[in-house]
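Q: Have a look at the structure that comes next, please.
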Amino acid sequence: MDMQKYALGPLPNDGLSAEDRDLFSDARPVPYEPYPVAVVEKFVNWVRANSLWLLAFGTGCGAIELNPLMTARFDAYRMGVQMRPTPRQSSVFIIGGYASVKTLKRIIRSYEQMQGPKFVVCLGICPINGGMYWDSYNTLNKFDEYLPVDLYITGCMPRPEVLMAGVLELKKKIKEGRADGANRYIENFEWYKANQKRVIKDWNMPDYNW
Amino acid sequence: MVEALSNPLNLVVVALGVGFLLPLIDRSSPALARSLFNLALVYQAALPILWLFWLANGAPTQEIQTAGISPPFSINLRFGMEEAFFVAGVNLAALLGGWYLTDLLRGRAAAMSVFLILTMGVDGMIMTRDLFNLFIFIEITAIATFGLLSLERNAAALTAGFKYIIATSLASSFLLLGVMLLYYLTGTLNIDDMQAQLVLVHGPLGLVAMTLLVAGMIVELKPYPANGWGLDVYENAPPGVAAMVSVGVSAGALFALYKILPLVLPFLSALAAVAGVTFLASNFIGLKQKKVRRLLGYSSIGQMSLAAAALVLLTQLDRGAAIPLVVGGLFLNHLFAKAGLFWLAGALKQSDTQDWRGLRANPRLLALFGVLLAALVGLPPFPGFWAKWELVMQLSAGGLNLWVAVILLGSLLEAVYLFRWFGQAMQASKHEPTLSGRAHQLPVMVAVLGLFAAGHFAAASFGVDALRVLAPLYIGIALMLLHSVPARVQGLVSLVIVGTYSYQVLPAQDGINALFGAMLLGGGLLMLVAGLYRGDQRLGHYPLMTMLLLSFGGLLQAGTSLEFFVAWEFLTISSYLLLCRGRDAAPHTLSYLIFSLASAFLVLAGFGLAYAETGSIALAALERVEGNAALVLSLLGLGFLVKAGAFGLHVWLPGAYAEADDDFSAMLAAVFGKAAVFGLFIAIMSLGVKGGGTDIVMYVLGWIGLLTAFFGALMAVFQEDLKKTLAYSSMGQVGYMVTALATGTHLGWVAAGYLSVNHLLFKGLLFLVAAGIVLRVGQREMYRMGGLISNMPVSFFGMMIGIIALSGVPPLTGFGGKWLMLNALLEKGWYWQAGFAFFASALAFLYLFRMIHTVFLGQRKLAHKDLREAPLALIVPQLVLVAVILAFSVQPTWLVNPVAAIMADYLPQTLEVHGSLIKSGLGYWDGFMVINVVGAVFMVSLLILLLLSRFMRVQRVKQFNIVFAAERPERPETTHYAYDFYSFYERALGFLVLPRATAFWNGVSEWSHSLGSGLRVFYTGNGQTYALYILLYVALLYFAVGDSV
Amino acid sequence: MTELPLSTITLSTGFGLMLIGMWGMLVRKNIIRMIVGFSLIDTGIHMIMVSLGYIRGGTAPIIDGSVDRATALTRVVDPIPSALVLTAIVIGLGITAVMLAYAVQIHTHKETLSIEDCSDSKW
Amino acid sequence: MQNWPSQIGYFMLNLTIVGLYGMLLSGIVARTLAKVQGRIGIPLYQPFLDLAKNLGKRTAVSHGVMFYLGPVFRLAGGIGTLAFVPVLYGSEIFGNFSMAGDLLLAMYFMFFGQLGMALGAGESGHPFSAIGIARGLGQMTAYEVPFALAIIAIVVQYDTLSITEIVAAQQGGIGNWTVFTNPLAVIAAMIAFLGMTAYPPFDVVMAPNEIPIGPPTEYHSSYLAMMTMNQAVFAGAKLILFMALFFGGATNLVELVIKTWAIYMVAVVVGAAFPRFRVDQSIRFFLRYPTLIGIAAIAYTQAVLLP
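Structure follows, in structure tokens:
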């Protein structure tokens, strides 16, 4: 695998035309440290776990399961889960089932535009191994090659109850400070980028979508 | 010897003698003949001028007797002041005309002698006191004219000449018959003697005699519609001859009319009516005219009938003392200006006004042209201005208000077609008008000089300190001489001049003058500095700016309405010319000038009415107007409202403000607009609080102001053009001032003063920012910009301060204006108005945000990546304005206290000020505390965010790093939300701003033009029809007056 | 039937001529005829002028044996109109001449003598 | 009054109380709406958690200085508005800085934060921000009209612009409240209030599914947290102003809480029941009947209350 080495300096943004390079930031993301005081970090993790703002972006067929989650029957609001229409304000990205190559590009953009700490939850079997689409020309079989995944909820399709169980699991993970996908992404930036660029042929965006 | 040479009779003798000698001498020596001709012309011109001088120094009026017998038994001529004046004028025109005609007359000795005899004929018409002799001179003049007309040998000229002959010979036949009948009745031909015997002229025969006499004279003055023959001649005769006919022959006819007036007293009203109708009709028809010389013909006829009307009306009103000033002034004005224009028309080959496009390539010619037009329209300092002023004053005093309206309307129409022509000449064109010879311009220049001299003299004879009052013009002209030094040096010179002037004038002002002096001159100086950002030559910019600023001083220093009016007209002229400098201003200059002149005429009418009541033209006397107060206030108010761009009268404003040079836009909107507010202040302070009818006027003014504020703001909301947005915004802001003034309360006036100062500050700031943007971007459409904040941060800051100050959001100065105004409205009991004002002021947010967003925020265009900040010359004045805004924001009492003190001179103080706390009857406001609280809160908030940012990694990103629904923006143009920003608002309220006012004024224009074409159907071009008109005129005159005798 | 005074006859003839002349000027299309019309007007006026000065049974305004100074005013014919007529005739002649000259020139340039063809300029 | 340190201290106290109350109020509203939808809804303390979560975000982007300052303006605007409104009647502690200016000051200062915020959001370069602001401003011009007319009516009624004096005039019994003495004015003002709170049917400004929450679409992390804080304070200040002008003010905190909650519930209940107006529809709506009611209120005040 030819892994492009990114220096600590500005990103090359090779996919962009010279004109576009002026329009997109070329800064390299940096991982964040925990708060210096442990109690604070613990408290903040607890808060994060109890205020999960989902990005309202249905990337696949599983998105259909998100709607009952929020409505009267399951009412995930009780657990501090809310929908946000913009990645800037969201902290949880639910990959709703299979991710095609075409969607991956949009997923990457949206993920990179979310502010850390941020968490990725994969829904269903497809992001794990491609599921029933494993041999499709455009379905990604191992989603965690492209983005760091904090939690998998398997099933085809998992019902909202399972989804809720996943939320509780995610909460637990966050509270324990183990949901560090965002930092992993940055620490292994070159690897993720290489994987992403391998499948996305028309890479017409910056190397990191701030 | 001297005595012999100086005998006025020589005017006749020399011309006759030389005239008959010329063809003889020409046989042997054409050169000698030519010299003799020139010598005779010079002599003819010099003699009356000398006599003028002698007569002015006490020489007695010369009564010249012929045949050694005293009148009435012989013909006698009189040569007094009046005659000398007219003769001098005519002969001077003849001298210049002869000079001008050099080419045409070369080798035509007969023509030269005819020219001399024509001059002599007119002189005789002026001097003779014998009716039959008058007839003879008229006929001599006529025959000489016929001769000169035939110099042009083409079909049109010949047929025109023939029609002219038919008409004039018919007229003189009537005249002759009339003279004979009068002789039959009175037994004398001497005018003075006949006047003494006037009782004998009675009964049907007397009436017939008078009718015929009047008819003969009137036809000479070319009354509408029996004047087609005259127009044909103006159009087709050689311009030099046309000039002589227009100036010389008409002057003779006018003077002859003046002489016979005492004989035909029953006809005065009819004469006035004829002159008035002719004046109006010819100016209406002039609107439709495209051919230069015929246009001048309409103007000539208009001017001469104005002079005739003035003569008759003043005689009727028994105000003979004003006749020399009025009629003499109009005559001199017409003499130089019209002759000059005819000569100019001849100097250029193009006969169609449209083909004068491109004349701006020849600035000297253009300047001459402009001066002549300005004189003709009656702008100061030219004699026509003073004459019209006096005429309006006298007519108003005599209660002839309808006549004042007619005269002003006619003058306005004349200005329309004359300045439309000027506008055409100002347009750029590939094809410059072609000159027919260089020598032809010299007489024009002399005419222009003559106009200036006459104007100065006329001003002096008004008892005006001409040098002081006309100083702005003279200094401006003097600065024009510097036109070849670098522009910035010129700018510095004018800065020094205006600065020194302000330094001397401002400390001497008090009260409202001090307030507006500081605004007008201070703001003006700042804009002058801003103008330095342009390094190109800008021909005429600095002289005109200097004139403009000095004229502000003229407004301040004016003690009389006349001085005020002169300064006002100077402002009009200089701003019009400055506006003409705008690259694409051409379509808007005419409407600007017309509305400015209309405004000036309304003001003039108002002053006239005030004079009628108080008998004084002192500005202070305005307060003494009681009976007409409401009417005077309406006229003055309307006049100033036009200039302020009030709702419905605003159609000139956006174009003018937007298309002017960018720094001049700032000047116009921020500073110049305050002159109108100043005028309103003066009018309302003198007249607005008298109760009675003025209350209604003030109430209406209040609503006009609000409608202006509302529609100004609403129209600004829908503009794509940066400067148009600001222009409409200015319109709206002035509306608040009008409303505040109209409350007629102390608080309202304080609000108006405060709003004026504030508007000057933020609108100057915003327009200067706009100038910088336009300079850098090269465009005015806002949606083509965007994201300029990173290139022009200082400009952004300036605009942000400007919009906060405009919007009225605390803690900046704008809130004070809103607070004062709403308090004033509520205290006055104008509750609906207050609600409306709220609405209007909320609308400002819309266009303000749009402006700053679409220009500075949002997505930057690729092409604008390397734009630089605006030049220093623009930034420094902006920062000065920002500093002043901030200073007044920190401590509003610095502004409120002086303004409140000034207004307290007029009305009892209603604001209580304790330290920094300002209290009205309803509420209170502590600006100092507000800004402290806000500042503290802001700093605390900022500190919070800074603190939070320490725990948060903040990455500065670029313009496309936005959430774009999981896509990426493709181009800045498609990502920048800017075009048709308030489309939904247009859907909701757009029906309110359909261009109804524009449609209305277009309708007025179209209607006037249609009227013009309707009025000219009488011109069939058929000589026979014209003869019939003349006959009908006589009949009509007889029947019209017959009843009343 | 009383004899009509001479002055009345000339006077009415004069007015008659004027009217005929006017008719000519206003109705005839031919320029030459219009000029003739003008001449008639002119002549008419001259006759009127002369008749205005006439006194019935008056004598020539020469103060000699037949008229004494005391009664001269009532008995002599006013000499001034006669004198003026001379001037007026001269002028009328001049104008007629100019008109004719124009007529010739117009004919040269336009080859017509109809006034209706002479509306080269109109408005 | 010149005792600055204590004045500032009192204000900090007020700010804290109103801020906390405002946060709580948004929780109450969310739960109320959840009940309408047959859900249980968020815990009442959820807004505090969300606030803390946003404060605890570790990364952020900035589009420029104005973008950065936008939330600062916003928060300053909210706090400032509160500063110019007296919280409780007759209490020096709860008087804030209302001696700095009258009702007009409070009304105009409300725009301060919105304007600054608009500038900041504008610099983000996001078209949805600009669209949202354009809609917000357009709607604002419209609901300002009935609101201003109502304000004018009560200023005429009480002949003062001072908020304290207006409250003073309403003391002495429930019958003295403006809502009973001048009902037309209060109706007009309350309809305007619906527009101000941007609940349905006037929520096209935010329109989460169309222009993802409009103006603040690019704001996140601590910026968003500051805006949440402002929302609490600003909503509190507005409610207090309405209470003072129309509902007799409050002399103690309990009265304040009850009254402001009741006022806010008007907007919430209406919001729960209505779909969304398009912005041009809402503009026309405000300029029709509410404006007429406002005009009638002035006429009523002039004709009936003044003589």
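Chains as they are written, first to last, in the working numbering: chain V, 85 to 294; chain U, 57 to 1101; chain G, 830 to 952; chain L, 765 to 1071.
The beta carbon of each residue, even a glycine, is placed where N, CA and C say it ideally should be.
Quick caveat: nothing in here was measured; it's all calculated off a predicted structure.
I need the DSSP call for Gly865(L), collapsed to helix, strand or coil.
A: strand
Q: Per DSSP, Met167(V) is paired with what?
A: Leu138(V)
Q: List the residues of chain L whose Cβ lies closer than 8 Å to the Cβ of Arg105(V), in chain order.
A: Within chain L, no residue comes near Arg105(V); the closest Cβ sits about 17 Å away, beyond 8 Å.
Q: Going along the chain, which unbroken runs of the alpha helix (DSSP H) with 4 or more residues stay wholly within the region 934-1020 of chain L?
A: 942-945, 947-961, 985-1010
Q: Determine the contact status of Gln915(U) and Gly843(U), defining contact as a CB-CB distance below 8 Å.
A: yes
Q: Just list the alpha helix (DSSP H) runs in the region 733-818 of chain U, keeping only unbroken ones of 4 residues or longer that don't cross its boundaries, in chain order.
A: 749-773, 778-798
Q: Within 10 angstroms of its Cβ, does Met765(L) collect 16 or more other Cβ (buried), or is it exposed?
A: For Met765(L), the pLDDT reaches just 48, beneath the cut-off of 50, and the residue's location in the model is therefore unreliable, leaving the point undetermined.
Q: Where do the N-terminal and C-terminal ends of the alpha helix (DSSP H) with His258(U) fall, by residue?
A: Unbroken run through His258(U): none, as it is neither H nor E.
Q: Does the beta carbon of Glu208(U) sit closer than 8 Å to a beta carbon anywhere in chain G?
A: False, the Cβ-Cβ gap to chain G never drops below 8 Å.
Q: Using beta-carbon positions only, say whether Thr961(L) and Ala870(L) come within less than 8 Å of one another.
A: no
Q: For the region 1058-1091 of chain U, enumerate the residues whose C-beta is nearer than 8 Å to any C-beta of chain G, in chain order.
A: Arg1072, Tyr1075, Thr1076, Gly1077, Asn1078, Gly1079, Gln1080, Ala1083, Leu1084, Leu1087
Q: Could you check the C-alpha separation between Met830(G) and Ser836(G) for me, to the nearest Å?
A: Note that Met830(G) has pLDDT 45, beneath the 50 cutoff, so the model's placement of it is unreliable and no number is given.
Q: Give me the subset of the region 915-933 of chain L whose CB atoms are less than 9 Å from a CB atom of chain U, sorted by chain position.
A: Ile915, Ile916, Ala917, Val919, Val920, Asp923, Thr924, Leu925, Ser926
Q: Mapping DSSP to helix, strand and coil, what is Met765(L)?
A: For Met765(L), the predicted structure reports a pLDDT of 48, less than 50, and the residue's modelled location is therefore unreliable. A value from the coordinates is still provided. The answer is coil: DSSP assigns Met765(L) none of H, G, I, E or B.
Q: Give me the DSSP bridge partner(s) of Cys240(V).
A: Answer by DSSP bridge pairing: none, since Cys240(V) is not bridged.
Q: Going by the CB atoms, is the gap between Val806(U) and Val955(U) shorter than 8 Å?
A: The criterion of a C-beta distance shorter than 8 Å is satisfied by Val955(U) and Val806(U).
Q: Report yes or no: do the region 954-974 of chain L and the region 799-811 of chain L share at least 3 C-beta pairs separated by less than 8 Å?
A: No: fewer than three Cβ pairs fall under 8 Å.
Q: State the Cα-Cα distance for the pair Met85(V) and Ala885(L), rounded to the nearest angstrom.
A: Summary for Met85(V): the model assigns pLDDT 44, below 50, so the residue's position carries little reliability, and this model does not support an answer.
Q: With a cut-off of 8 Å, does the C-beta of Met830(G) fall near any C-beta of chain U?
A: The predicted model places Met830(G) with a pLDDT of 45, which falls under 50 and marks its position as unreliable; any figure quoted below should be read in that light. Taking Cβ atoms only, chain U never reaches closer than 8 Å to Met830(G), which makes this a no.
Q: Work out the CA separation of Ile987(U) and Leu868(U) for me, nearest whole Å.
A: Each residue's Cα considered, the two are about 8 Å apart.
Q: For a cutoff of 8 Å on Cβ pairs, would you count Ser943(G) as touching chain U?
A: no
Q: Would you tell me roughly how many angstroms separate the C-alpha atoms of Ser558(U) and Ala714(U), rounded to the nearest one?
A: Between the C-alpha atoms of Ser558(U) and Ala714(U) there is a straight-line separation of about 28 Å.
Q: Tell me the rounded alpha-carbon separation between Gly180(V) and Glu856(L).
A: 57 Å
Q: Which of the three DSSP states is assigned to Gln560(U) in this structure?
A: helix
Q: Could you check whether Phe1010(L) and Val943(L) sit closer than 8 Å to each other, using their CB atoms as the reference points?
A: yes
Q: From the DSSP output, in three-state form, read off Trp981(U) for me.
A: strand
Q: Less than 8 Å between the CB atoms is what I'm expecting for Lys486(U) and Asp408(U), so what's the real figure, rounded?
A: 16 Å between Cβ atoms; not a contact.
Q: Kindly say whether Ser785(U), judged by its beta-carbon, lies nearer than 8 Å to any beta-carbon of chain L.
A: no
Q: Below 6 Å CB to CB, which residues in the same chain sit around Asn814(U) once its five sequence neighbours on both sides are set aside?
A: The residues Thr869, Gly873, in chain order, have a CB closer than 6 Å to that of Asn814(U) in the same chain once the five nearest residues on each side in sequence are set aside.
Q: Among Ala933(L), Ala1036(L), Trp1025(L), whose alpha-carbon lies nearest the alpha-carbon of Asp967(L)?
A: Ala1036(L)
Q: State the Cα-Cα distance for the pair Glu138(U) and Ile182(U), rounded to the nearest angstrom.
A: 9 Å
Q: Listed in chain order, which residues of the region 862-873 of chain G have Cβ atoms closer than 8 Å to some Cβ of chain U?
A: Residues are counted here when their Cβ sits less than 8 Å from a Cβ of chain U; for the region 862-873 of chain G these are Met863, Phe867, Ile870, Asp871, given in chain order.
Q: So within the region 270-303 of chain U, which uninterrupted alpha helix (DSSP H) runs reach at least 4 residues, ignoring any that extend past its ends?
A: For the region 270-303 of chain U, the full-length alpha helix (DSSP H) segments reaching 4 residues or more read 284-292, 295-300 along the chain.
Q: So that I know if they touch, is there some Cβ in chain G lying closer than 8 Å to that of Ile316(U)?
A: no
Q: State buried or exposed for Asn973(L), treating a residue as buried only when at least 16 other CB atoms are found within 10 Å of its CB.
A: By the neighbour-count rule (16 or more Cβ atoms within 10 Å), Asn973(L) is not buried but exposed.
Q: Would Ile857(L) pass as an interface residue toward chain U - the criterion being a Cβ-Cβ separation below 8 Å?
A: no
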